[in-house]
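Worksheet: one structure, shown below.
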Amino acid sequence: MANKLVLIDGNSITYRAFFALPLLNNDKGVYTNAVYGFTTMLLRILEEQKPTHLLVAFDAGKTTFRHSTYKEYKGGRQKTPPELSEQFPLVKELLDAFHIRHYQLDQYEADDIIGTLAQQGKKEDWEVAVISGDKDMLQLVSDKVTVNVTKKGISEVEAYTPAYLLDKMEISPEQIIDLKALMGDSSDNIPGVPGVGEKTATKLLKQYETLENLYEHLDEVSGKKLLENLTNHKNDAFMSKELATINCDSPIEITLNDLTYTGYANQNVAALFKELGFQSLLTRIGSDDVESEVSSQALEDISYTIVDHVTADMFSGQEALNIEMISDSYHTAPIEGIGIVNQENAYFIPTEVAANSEAFRAWAEDEKQEKVVFDAKKSLVSLLNKGIHVKGMKFDVLLASYLLDPSENNHDIPAIGHRMGLQSVLYDEEVYGKGAKLKVPEQAILADHVVRKAKVLLDLQGKMAELLRENQLYELLKELEMPLALILGEMEHTGVRVDKSRLEDMGTDLKRRLDEIETEIYEVAGETFNLNSPKQLGPILFEKLGLPVIKKTKTGYSTAADVLEQLANEHEIIPKILLYRQLGKLQSTYIEGLLKVVDQQTSKIHTRYNQALTQTGRLSSIDPNLQNIPIRLEEGRKIRQAFVPAEKDWIMFAADYSQIELRVLAHIANDEKLIAAFNNGLDIHTQTAMDVFHVEAEEVTSNMRRQAKAVNFGIVYGISDYGLSQNLGITRKEAKKFIDRYLDSYPGVKAYMDDIVQEAKQLGYVTTLMNRRRYLPDITSRNFNLRSFAERTAMNTPIQGTAADIIKKAMIDLYEKLKEEKLSARMLLQVHDELIIEAPKEELDKLIEIVPAMMENTVELSVPLKAEYAYGDSWYDAK
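To convert, note that position 206 of the sequence shown is 254 in this note's numbering; the numbers rise steadily by one, no gaps.
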């Protein structure tokens, strides 16, 4: 096998990793972002380069032989942040765990070590790859040496060969030193020649090839100022060349044979990853062609029985239950099989065996038979579809994982297991394939996978419960999320009735309206064209009609919504186009989209609620999204007319919280003025307008109240002066004045915002009133935009998250109350702060009595919660 030498610039990659990633630390408070970034880069190098010989080179110290030539070499650099300095020893510890040689040489830089070894490798006719973030290394490029320069932080590399370098920079590798000599390098404090940038330097080198030849023909250089600078700074240019030249004959004490790389021991690396808190990287180690290779054959054997007859003695009363479905759409997807594991035994039960077994039904429906599950809601709905109402689900691994880290985007069983150190199960893709290759394997392979997943659930319960308790999240799981999951499951299974004919009529009306608007647009434009083609629309607006160009794209004029909104007052055609687009979206996304998902037998829609998705704890709705039906346009609101009760002589009843987030803000901020306003029943937007504009109540105009409302809700969402200026169509300066006046008027809110950001910086997370956590790794980022977003998130998450928790608790309280009162009424939908219920007309008085009361009294705040209700023959009428 041919030798492949990989040389990594340790300082450069570690620096880049540090500044590319937010400031992370592990549970011991040790900063790890640079180590993490370096590790991901290293794993990628091992996978892609497959080195036979490997070295990571580091700088030995601040002083090098170059300082004797120029004392100010690298003099302009800022001091290395202590958060980065303390990570270099960890990087070297990591390399030791990987069995990778690292080296530094007093008075020399990593570049010199790499240059010397690259030359040696080239002489031996080895293939050499250099990895660095420093383009100085490009002088090493040759037919045998490829220099890979990191870009976009460390997420991508650009591979420079002689041909690529010539194509990209129009110079040869040897000319890189001359380029640096002329243009200098501010990062290394190499002076170069003033006024000569990369473009000018490249032009000169294309003409004269070398620095020496340029100065021999200096009289030929055109441009008075350029000639003057070149003449006056000749010494700087030649000194800069010396400083930029990598020493490829450094007195290193290692040889190529010392760099042999044969792989790493999985257990050593895994132990360090666990110590550093790199749970997500545990899944990646061992995927290379090294001694730690993991494959399906390497999984420990697991003993289980494929069951053809369920008996009561199979169950101990404490089981893990895995209901295996390949598709996320559990309302319609088939159950591929069921895994049941307890401390003594493991079983795979084919779906039809379970569905037709009285013993399985008796166990599933017995509340006293405790079950650990993954996604209680899915488990409930999928078995309800088989006529089995599973009970006794005491622990949900999906919800536990979500509460422990809501920012994690992979909460499936194998991923959670791997993060928690359990390597005993394959990922679904490895078993089922993906995309066009997705298929259910033969029963033996399927059964093994399904049972392994159930075993992971059983093994995870204790560890996760302990972590939840440590983080004060256990009560949130047991008292809020798990009871809610079962309620949501019943709501989803029940579904909401849709009047298809009414939807179809709306579609016909919308089509007619769209045709009318289209005709009007063509009349105004003076010609017909494809209204849905930006390529055709752009020239009409910006050439024929002469509207001002706001933004251009690679293919022409931008006709995006934000551009058209800025032009709304410029020409009558713009509002028509905007309306056409809005109605077109209603037609395609909502009318046609909803008709596609109506169950043909029941005329119902069964949405799915994502309970483990948003970082604030809010529920979201998919397939279809019933929380997102637009209601700003009357045509959008009318879509709700199609949502009707499932039974004759029933009504739709809707109740929603009034200004819940502002009430939560008043409580959390403990602002006396806000609290007094809500307790006295004042209109909060009028009160804010009075405070911001310094007027009496009777002087508040509708525009003042509108602006005050925007400030109120903007504050809740951590809005910036820029965001508010966009919302209100005012200058940024005016918007800043509004916000400053607001914060002067409500000092408690100002203090809360300052305090919560400081708390987030200390803890790394914020919490809601019910202890839901949201981690904010960017809160200490050096990147202003990332840090600012994290600060706004720190301010608004406790408010939004608490509001979300309150409505979840209200749903649980209301569900229990409806059962207690033995009412037929049932909850159908949750849309943000609104609950939609269907009920017999004779239960209306009871609903009016209990629904607002349950919602208003679900928690006690320093201000009253207020719920408003309405009812009618459709969701539209219940407003």
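A virtual CB, placed ideally from N, CA and C, is assigned to each residue, including glycine.
| Item | Value |
| --- | --- |
| Classification of ASP704 by the beta-carbon crowding that lies within 10 angstroms, buried from 16 upward | buried |
| Cα-Cα separation between LEU91 and PRO221, rounded to whole angstroms | 28 angstroms |
| Contact with chain B by ALA410, beta-carbon distance below 9 angstroms | No chain B appears in the structure shown, which is made up of a single protein chain. |
| Run of the alpha helix (DSSP H) containing ASP361, from where it starts to where it stops | Where ASP361 is concerned, there is no enclosing alpha helix (DSSP H), given that its DSSP letter is neither H nor E. |
| Validate contact between the segment 652 to 665 and the segment 543 to 550 using beta carbons, cut 8 angstroms, 3 pairs | yes |
| Host beta strand (DSSP E) of GLY387 (start-end) | 385 to 389 |
| Span separating the alpha-carbon of GLN774 from that of LYS254 | 49 angstroms |
| As assigned by DSSP and simplified to three states, the class of LEU612 | helix |
| Close Cβ partners of GLY604 (< 8 angstroms) along its chain, the five nearest in sequence each way excluded | PRO582, LYS583, GLY586, PRO587 |
| Alpha carbon of GLU339 to alpha carbon of GLY311, nearest angstrom | The pLDDT assigned to GLU339 is 32, lower than 50, so where the model puts this residue is not dependable; a value taken from the coordinates is nonetheless given after this. Approximately 6 angstroms between the Cα atoms of the pair. |
| ALA714 burial status per 10 Å Cβ neighbour count (16 or more: buried) | buried |
| Presumed contact (8 angstroms Cβ cut-off) between LEU44 and PRO825, rounded CB distance | As displayed, the chain neither begins before 49 nor continues past 927, which places residue 44 out of reach and without an answer. |
| Identity of the residue in LEU681, ARG874, VAL743 nearest ILE699 by Cα | ARG874 |
| Test item: CB-CB of VAL473 and VAL445 under 9 angstroms | no |
| Any 3 or more C-beta pairs closer than 8 angstroms across the segment 498 to 509 and the segment 387 to 399 | yes |
| Residue from ILE179, LYS322, LEU188, PHE67 whose Cα sits closest to the Cα of ALA145 | LYS322 |
| Candidates GLU683, GLY232, GLU218, LEU252: closest to GLU268 by CA position | LEU252 |
| ALA745 burial status per 10 Å Cβ neighbour count (16 or more: buried) | exposed |
| Nearest residue (CA-CA) to GLY665, options ARG821, VAL83, ILE677, SER190 | ARG821 |
| Inter-residue Cα distance where the pair is GLU782 and GLY762 | 15 angstroms |
| Of the listed residues GLY85, THR164, GLN97, ARG114, nearest to GLN995 (C-alpha basis) | Any question about residue 995 goes unanswered here, given that the chain covers just 49 to 927. |
| Spatial distance of ILE687 from PRO672 (CA atoms) | 14 angstroms |
| Top-ranked residue by Cα proximity to ASP356, from SER405, ASN370, THR380 | SER405 |
| Extent of the continuous beta strand (DSSP E) run through MET928 | Only positions 49 to 927 of the chain appear in the structure, and residue 928 is not among them; the question remains open. |
| 9 angstroms Cβ cutoff met for VAL597 and ASP719 | no |
| Close-in-space but distant-in-sequence residues of the same chain around GLU904 (CB under 6 angstroms, 5 per side omitted) | LEU913, ALA915 |
| Same chain, Cβ closer than 6 angstroms to VAL358, five either side skipped, listed in chain order | SER405, ALA407, PHE408 |
| Check whether LEU188 and VAL197 have beta carbons under 9 angstroms apart | no |
| Where VAL907 falls: helix, strand or coil (DSSP) | coil |
| Where ILE884 falls: helix, strand or coil (DSSP) | strand |
| ILE93 - DSSP class collapsed to helix/strand/coil | helix |
| Local Cβ density within 10 Å of ARG500, reported as buried at 16 or more and exposed below that | buried |
| DSSP state of PHE741 mapped onto helix, strand, coil | helix |
| Under 9 angstroms between C-beta atoms of LEU667 and LEU536 | yes |
| Sequence-distant residues of its chain with Cβ nearer than 8 angstroms to HIS265 (five each side left out) | TYR256 |
| Stretch-stretch touch, CB-based, cutoff 8 angstroms, three pairs: the segment 367 to 376 with the segment 523 to 535 | no |
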